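K.L.:
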Amino acid sequence: DGGITQSPKYLFRKEGQNVTLSCEQNLNHDAMYWYRQDPGQGLRLIYYSQIVNDFQKGDIAEGYSVSREKKESFPLTVTSAQKNPTAFYLCASSRDSYEQYFGPGTRLTVT
Amino acid sequence: EDQVTQSPEALRLQEGESSSLNCSYTVSGLRGLFWYRQDPGKGPEFLFTLYSAGEEKEKERLKATLTKKESFLHITAPKPEDSATYLCAVQASGTASKLTFGTGTRLQVTL
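Protein chains in written order, with the numbering used here: chain A, -11 to 99; chain B, 7 to 117.
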């Protein structure tokens, strides 16, 4: 059963701690993306990767980091430098940079 | 800068009461326009891609249309299970990976 998995579904952290969100896909897609969703705002692109070992900053990359060591995996680290980390984080992938397919999301709460 | 505006913000329909959702966009050369459905607490589910003005696509009770300035998502005889937030996104030519999202229309269909 092909798809995108994100774990965990809910994540709680104390301010000042780094946290890594997992994203795995078995769709054999080359491109992967991280978005952030906040109430009343559209999805905003954090980072994207079109090929293994390469990634680009999106619109709101400050305070985040990523890696793409395997085609199937694109983890996102939310660092302590991110000023407003509490949000719903969505991972997506696409085969040919057209339609993107999304995972179930991770809701991160930082207190 | 690419922009997407969706209206209305919220829409309440009775079962069987057809209506349309609007997505107005400005983009420097449209590569594709995408419609997604999002249920509360879940990732967006891909519905349609439209590439050029005049194009139409249908799926069950949903029909998406595209002009040079806007797209409509027509919902015919909706059922309660159609209740969700519908998101519109555009991809500009020359930006192979970047989607710009609207803030969505929250649809509620009641019995």
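Even for Gly, the Cβ is constructed at its ideal location relative to N, Cα and C. Bear in mind the structure is a predicted one, so any value in this text is a computation, not a measurement.
#1: Please return the same chain residues whose Cβ sits closer than 8 Å to the Cβ of Lys2 (chain A), not counting the five positions on each side in sequence.
#2: Let me check one thing: in DSSP terms, what residues is Asn28 (chain B) bridge-paired to?
#3: Checking the sheet assignment: what are the DSSP bridge partners for Ala165 (chain B)?
#4: So, is the C-beta of Tyr52 (chain A) closer than 8 Å to a C-beta in chain B?
#5: Against Phe0 (chain A), what residues of chain B qualify as contacts under a CB-to-CB distance less than 7 Å, listed in chain order?
#6: If I measure Cβ to Cβ from Arg95 (chain A) and keep anything under 6 Å in the same chain, skipping five residues before and after, which residues do I get?
#7: Between A:Val7, A:Asn14, A:Thr67 and A:Met20, which has its C-alpha nearest Gly(-9) (chain A)'s C-alpha?
#8: Look up Ala98 (chain B) in the DSSP assignment and say whether it is helix, strand or coil.
#9: Taking Gly35 (chain B) as the reference, give the member of B:Asp8, B:Lys48 and B:Lys63 with the closest Cα.
#10: For Thr71 (chain B), which residues in the same chain have their Cβ closer than 6 Å to its Cβ, ignoring the five residues on either side in sequence?
#11: Along the segment 18 to 48 of chain B, what residues have a CB closer than 7 Å to any CB found in chain A?
#12: Taking C-beta pairs closer than 7 Å, name the residues in chain B that Tyr86 (chain A) reaches, listed in chain order.
#13: When you compare the segment 32 to 40 of chain A with the segment 89 to 98 of chain B, are there three or more beta-carbon pairs, one atom per stretch, that lie closer than 8 Å?
#14: Name, please, each residue of chain B whose Cβ falls closer than 7 Å to the Cβ of Pro92 (chain A).
#15: Assuming Leu31 (chain A) is part of the beta strand (DSSP E), what are its boundary residues?
#16: For the candidate residues B:Thr55, B:Thr73, B:Lys74 and B:Ala95, whose alpha-carbon lies nearest to that of Thr111 (chain B)?
#17: Quick one: which chain A residues come within Cβ less than 9 Å of Val96 (chain B)?
#18: Quick one: what does DSSP say Asp84 (chain A) is sitting in, helix, strand or coil?
P.N.:
Put simply:
#1: Val98 and Thr99
#2: B:Ser13 and B:Phe78
#3: In the structure displayed, chain B extends from 7 to 117; residue 165 (chain B) sits before or after that span and is not available.
#4: no
#5: In chain order: nothing, as chain B lies at least about 16 Å away.
#6: Excluding positions up to five away in sequence, the list reads Tyr(-2) and Phe76.
#7: A:Asn14
#8: strand
#9: B:Asp8
#10: Glu62 and Phe78
#11: Gly38, Phe40 and Lys48
#12: Chain B residues near Tyr86 (chain A): Gly38 and Thr55.
#13: The segment 32 to 40 of chain A is not in contact with the segment 89 to 98 of chain B.
#14: Simply Lys48 and Gly49.
#15: Taken as a continuous stretch (DSSP letters only), Leu31 (chain A) belongs to no beta strand (DSSP E), as it is neither H nor E.
#16: B:Ala95
#17: The contacting residues do not exist; Val96 (chain B) stays about 11 Å from chain A at best.
#18: coil
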